[in-house]
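Residue numbers for the sequence shown, in my numbering: 5 to 569.
C-beta atoms are modelled at their ideal positions from N, C-alpha and C, and glycine is treated no differently.
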Amino acid sequence: MLYPVKISFGKLMPSTSTTDAYYSRKPRMQTLDGAFVRTARRHPRGFMLADGKTPKVAFGSALTKTMYVARRLLGQIGSQPMVGLLLPPSVGGALANYALTLLGRVPVNLNYTSSSEVIASCAQQCGIDVVITAKAFVERFPNLAIPGRTLLLEDALGAPRTSEKIAALALAWLTPFSLLKKILGAQSTPVPMTSGQNTKANATFPVDQLATVIFSSGSTGDPKGVMLSHFNILSNIAQVCQIFSLDGRDKILGILPFFHSFGFMAGLWLPAVHGMGAVYHTNPLDAQVIGGLVEKYKVTLLVATPTFLQAYLRRCSPESFRSLRFVIVGAEKLQDRLAIAFEDTFGIRPLEGYGCTECSPVVAVTSPDSGQGPAKRGIGHPLPGMSVKIVNIDTGEPVVPGNPGMLLVKGPNVMQGYLGMPEETAEVLRDGWYKTGDIVTMDEDGFLTITGRLSRFSKIGGEMVPHIRIEEMLHDLAGVTEQVFAVTAVVDEKKGERIVVLTTLSAEHLEPVVQKLSQSDLPALWKPKSNQFFYTDALPVLGTGKIDLRSIKVLAASLAKSVEA
Numbered sequence: 005m006l007y008p009v010k011i012s013f014g015k016l017m018p019s020t021s022t023t024d025a026y027y028s029r030k031p032r033m034q035t036l037d038g039a040f041v042r043t044a045r046r047h048p049r050g051f052m053l054a055d056g057k058t059p060k061v062a063f064g065s066a067l068t069k070t071m072y073v074a075r076r077l078l079g080q081i082g083s084q085p086m087v088g089l090l091l092p093p094s095v096g097g098a099l100a101n102y103a104l105t106l107l108g109r110v111p112v113n114l115n116y117t118s119s120s121e122v123i124a125s126c127a128q129q130c131g132i133d134v135v136i137t138a139k140a141f142v143e144r145f146p147n148l149a150i151p152g153r154t155l156l157l158e159d160a161l162g163a164p165r166t167s168e169k170i171a172a173l174a175l176a177w178l179t180p181f182s183l184l185k186k187i188l189g190a191q192s193t194p195v196p197m198t199s200g201q202n203t204k205a206n207a208t209f210p211v212d213q214l215a216t217v218i219f220s221s222g223s224t225g226d227p228k229g230v231m232l233s234h235f236n237i238l239s240n241i242a243q244v245c246q247i248f249s250l251d252g253r254d255k256i257l258g259i260l261p262f263f264h265s266f267g268f269m270a271g272l273w274l275p276a277v278h279g280m281g282a283v284y285h286t287n288p289l290d291a292q293v294i295g296g297l298v299e300k301y302k303v304t305l306l307v308a309t310p311t312f313l314q315a316y317l318r319r320c321s322p323e324s325f326r327s328l329r330f331v332i333v334g335a336e337k338l339q340d341r342l343a344i345a346f347e348d349t350f351g352i353r354p355l356e357g358y359g360c361t362e363c364s365p366v367v368a369v370t371s372p373d374s375g376q377g378p379a380k381r382g383i384g385h386p387l388p389g390m391s392v393k394i395v396n397i398d399t400g401e402p403v404v405p406g407n408p409g410m411l412l413v414k415g416p417n418v419m420q421g422y423l424g425m426p427e428e429t430a431e432v433l434r435d436g437w438y439k440t441g442d443i444v445t446m447d448e449d450g451f452l453t454i455t456g457r458l459s460r461f462s463k464i465g466g467e468m469v470p471h472i473r474i475e476e477m478l479h480d481l482a483g484v485t486e487q488v489f490a491v492t493a494v495v496d497e498k499k500g501e502r503i504v505v506l507t508t509l510s511a512e513h514l515e516p517v518v519q520k521l522s523q524s525d526l527p528a529l530w531k532p533k534s535n536q537f538f539y540t541d542a543l544p545v546l547g548t549g550k551i552d553l554r555s556i557k558v559l560a561a562s563l564a565k566s567v568e569a
């Protein structure tokens, strides 16, 4: 089911006619769980879920299991509207999310790669008093403090009675959806109003409910709870499906965790809504196992990060990825050297996408056969239904095409706001326009290219110095496909800041790179001095696959200070 949307490639939608007409159209599927029930009932034998322990669960079986899980959880999760989950991408994790949504609760997938303090803060912000997890997870993370009351999935679902199985079958196949929700005692969790959100959409869609709260990655600061509604996520699914011709024969590899916005939208709900399969694995860097799963289930859609592609490039055989139709890469910039190496090895070119948690998450993607024109270097065109503005960082005025500026986006997938943070919401969301914080250029065809992130610029001697450009040059000079350099900045008494580089290269391999850098065409102000390169065993990475910029900066400051001392 695809919603009617206006395709806008880099141009603004009229603020009265087109946009108002869009929001006045009521989609047939207004909730994620309603879409799942309808899809499962239409295609009961179609393949839906699998992981390393649970092979081939059909849509009909998944729906019945979800009903059983929902009835079992109902008496054990209390009355709070939000319920925490600490579960990896798996069949069990997916069914738990589906069941909570059917019960009208808001599943909040907590980032298990974060510290106990961060997890406790997220749970406190959401008012969570119950966290669903599994014995295997507790054993894997023994030092992680789980906030509130712990509910083990195995204990909650064990020893099903015959009467429960019959009830689950009746709910799955004989009960109208509206009646089903009443029987389950489903709660209604409306989207909390927050300053800056799109009140027009909320007024037109009064039934829109809060679907989840996903906490930002924290790569540059403290995590904030991003409120995404059913309409937000359903819209993003529809937008993506208009670009890629996906159907019931397609299968996505679900390696991104559900606390990642792309993992939640594409790995969890895209299959349930659109009628395609999902194959899960808990460790996205477990390359050999992943290669085997792709080959076994003939996976056609791989969604990953550049960091994950580097692992597959080293350890997966070309035969294992033969079934892939699309490889979509996000979270970090896709370097040309990696894209070319991946294509040379596996015969398929990775497509770079762009998104953010606040946009459910996809904003733009490049696709060579979607009618968007020839493939170019960059993040592609905005998705159907998206409007974009590129404005001057200082004045907020639109820039001339081809010139860099701050990217602002508007569309049905833009978040409802930050949970309990009206001031922070107002800073980035105004009249429906979301300020991404990314610096981009747009050509005359509406094709977008990221030139940097505002937080990844340093002001040195009055000039804005882009960290990403320096990283790209260093990697080109080193001739490597994996990321071995991370550029950041530390405080400098004379110039305000100075460029510092963390690297995993040995001194022997680093020296010729530094020499070539001194002779490169980069501006002199951009070139870090040779004594500002610091060795580290590994670059800090977040659980989402992004480089942990916050930890990079802290580590660089510590190393630079120790050298100065």
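Checking 8 Å against the spacing of the C-beta atoms, do residue 556 and residue 336 come in under that value?
no
#### Entry: Coarse secondary structure for residue 429, derived from DSSP in three states
Residue 429 falls in the helix class under three-state DSSP.
Relative to the C-alpha of residue 480, which residue among 436, 518, 470 is closest? Of 436, 518, 470, the residue nearest in Cα terms is 518.
Exercise. Hey, is the stretch 52–70 in contact with the stretch 113–132, meaning 3+ C-beta pairs nearer than 8 Å?
Worked result: no
Self-check item: Terminal residues of the beta strand (DSSP E) in which residue 357 lies
Solution: 355–359
Original post:
Rounded to a whole number of angstroms, what is the C-alpha to C-alpha distance between residue 365 and residue 240?
Top reply: Using only the alpha carbons, I get a separation of about 7 Å.
Taking the alpha-carbon positions, what's the residue 95 to residue 503 distance? Looking at the two C-alpha atoms, the distance is approximately 45 Å.
Query raised in the report: So what's residue 305 in DSSP terms, helix, strand or just coil?
Result: strand
Notebook entry, point to check: What is the C-beta distance between residue 390 and residue 367, in whole angstroms, given that I count them as a contact (C-beta under 8 Å)?
Noted result: 6 Å
Tell me whether residue 60 is buried or exposed, calling it buried when 16 or more other Cβ atoms sit within 10 Å of its Cβ. Looking at its Cβ environment, which holds fewer than 16 other Cβ atoms inside 10 Å, residue 60 is exposed.
Roughly how many angstroms separate the alpha carbons of residue 40 and residue 34, rounded to a whole number?
11 Å
*asked:* Given this structure, state the Cα-to-Cα distance separating residue 210 from residue 277, to the nearest angstrom.
replied: Annotation note: pLDDT 39 at residue 210 (below 50); position unreliable, coordinate value reported separately. The straight-line gap from Cα to Cα measures roughly 21 Å.
Q) If you drop the 5 nearest sequence neighbours on each side, which residues of the same chain put their C-beta closer than 7 Å to that of residue 154? A) 135, 137
Tell me residue 136's beta-bridge partners as DSSP assigns them. 89, 155
Thinking residue 171 and residue 75 are a contact (beta carbons under 8 Å), I'd like their distance in whole angstroms, please. The Cβ separation is near 7 Å, so the contact holds.
Worksheet entry | Cβ neighbours of residue 11 in the same chain (closer than 6 Å, five flanking residues each side left out) | Reliability fails at residue 11, whose pLDDT of 31 lies under 50, so the model's placement of it is uncertain and no value is given.
Q: List the DSSP bridge partners of residue 194.
A: 213
Exposure label - residue 539; buried when at least 16 CB within 10 Å
exposed
Check your understanding: Considering only residues of the stretch 277–330, which uninterrupted beta strand (DSSP E) runs meet the minimum length of 3 residues and lie entirely inside it, listed in chain order?
Key -> Uninterrupted beta strand (DSSP E) stretches at least 3 residues long and entirely within the stretch 277–330 occur at 281–284, 305–308, given in chain order.
Inter-residue Cα distance where the pair is residue 514 and residue 482
8 Å
- Task: Would you mind listing the beta strand (DSSP E) stretches within the stretch 489–568 that are 3+ residues and don't spill past its ends, in chain order?
- Result: If one requires a minimum length of 3 residues, the beta strand (DSSP E) runs lying completely within the stretch 489–568 are 489–496, 500–507, 537–539, in chain order.
Checklist line | Cut-off 6 Å between Cβ atoms - residues of its own chain near residue 417, not counting five sequence neighbours on either side | finding: 236, 239, 240, 363, 364
Here's the rule: buried if 16 or more other CB atoms are within 10 angstroms of the residue's CB, otherwise exposed. What is residue 1? Residue 1 lies beyond the range of the chain shown here (5 to 569); nothing can be said about it.
Just how far apart, CA to CA, sit residue 526 and residue 349? Rounded to the nearest angstrom, the two C-alpha atoms are 31 Å apart.
Margin query: So, for residue 99: in the same chain, excluding its five sequence neighbours on each side, which residues have a beta-carbon less than 6 Å away from its beta-carbon?
Written below: Annotation for residue 99: 69, 70, 73 place their beta carbon closer than 6 Å to its own, counting only its chain and skipping 5 residues before and after.
**Residue closest to residue 107, alpha-carbon to alpha-carbon, out of 232, 190, 283** = Looking only at 232, 190, 283, the smallest Cα-Cα distance to residue 107 is reached by 190.
Margin query: Once DSSP output is grouped into helix, strand and coil, what is the label at residue 391?
Written below: In the structure shown, residue 391 sits in a strand (DSSP, three-state: E or B).
- Task: Tell me, please, which residues DSSP counts as bridged to residue 386.
- Result: 368
- Message: Give me the DSSP bridge partner(s) of residue 438.
- Response: 413, 433
- Which value, in whole angstroms, describes the spacing of the CA atoms of residue 408 and residue 401? 12 Å
Excluding the five sequence neighbours on either side, which residues of its own chain have a C-beta within less than 6 Å of the C-beta of residue 475, listed in chain order? 489, 491
Excluding the 5 residues flanking residue 342 on each side, which residues of the same chain have their C-beta closer than 7 Å to its C-beta? 310, 313, 314, 485
message = Output needed for residue 361: all residues of its chain with C-beta closer than 7 Å, excluding positions within five of it in sequence on either side, in chain order.
response = 218, 220, 230, 265
| Range of the contiguous alpha helix (DSSP H) that encloses residue 255 | First-last for residue 255: 255–258, but that is the beta strand (DSSP E), not the alpha helix (DSSP H).
Query - For residue 128, the nearest candidate out of 145, 104, 105, 84 (CA to CA) - result: 84
Straight-line gap, residue 43 to residue 279 (C-alpha atoms, nearest Å): Rounded to whole angstroms, the gap between the alpha carbons of residue 43 and residue 279 is 6 Å.
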